[in-house]
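Following our numbering, the numbering of the sequence shown begins with 9 at its first residue and continues without gaps.
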Amino acid sequence: KTIEAYEILQDMGVPLLIHQPSYSMINRWVEPELLPALKELGVGTICFSPLAQGMLSDKYLHGIPKESRAGTQGTALSSNMITKENLEKIGALNTIAKNRGQSLAQMALAWVLRREEVTSVLIGASSSSQIKENIASLENLSFSEDELKEIDSFAVDGDINLWAASSKHK
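Take a look at the structure:
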């Protein structure tokens, strides 16, 4: 759909400047085709939900807090997405983040921002302390090859793309 939209807009003389897909360490559907296509087209990318609806923060490391998104019915993040398998992977990613001197959220943001195809990330915060923590991710955007390999062993698609149907790009 993205390429089709690009071509339609080109025919109309309207530039496609930015695409806004969901993308995170555990929602990686954009990597095989969309990010390369956007790079080839010269279209910027602002990724939303880089913290996977809060799963890539310390909020869910020890279960589902009652007042959290997953603990409240009628929100985008369902408690059935907080699987034992996802929590184990997130716990391992948290250890990697601590070894980097970052919180899990900071590392998750830095990981998304490390890609040249990513122009920016769209974050949400419920407090000023979350904003400050997220901004601090900019202090360490570099990853060693070993860190990326270790991250890749745990940062696999966690089946949480809530927007899969509307995210098709062909």
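Note that beta-carbon positions come from the ideal geometry of N, C-alpha and C, so glycine has one too.
Between Ala116 and Pro58, the CB-CB gap stays under 8 Å. Glu12 counts as exposed, since fewer than 16 other beta carbons sit within 10 angstroms of its beta carbon. In the DSSP assignment, Leu42 falls within the alpha helix (DSSP H) that extends over Leu42 to Leu49. In this structure, DSSP gives Ser65 a state outside helix and strand, which the three-state scheme calls coil. Taken atom to atom, the span from the alpha-carbon of Glu96 to that of Leu49 is near 37 Å. Taking the CA atoms as reference points, Arg36 sits about 13 Å from Ile159. Of the candidates Ile54, Ile98 and Ile139, Ile54 places its Cα closest to the Cα of Val129. One Cα belongs to Gln61, the other to Gln18, and the distance between them is close to 34 Å. Per DSSP, the continuous alpha helix (DSSP H) segment holding Thr103 begins and ends at Lys92 to Arg108. When DSSP reads this structure, Gly52 sits in a beta bridge with Ile26.
If you draw a straight line from the Cα of Ser32 to the Cα of Ile16, it comes to about 29 Å. Listed in chain order, the non-local C-beta contacts of Trp119 below 8 Å within the same chain comprise Met33, Phe151, Ile159 and Ala163, local neighbours out to five positions each way being set aside.
In summary, Ser137 is exposed, with fewer than 16 beta-carbon neighbours lying within 10 Å of its beta-carbon over all protein chains present. Following the DSSP letters along the chain, one finds Val120 inside the alpha helix (DSSP H) bounded by residues Leu112 to Leu121.
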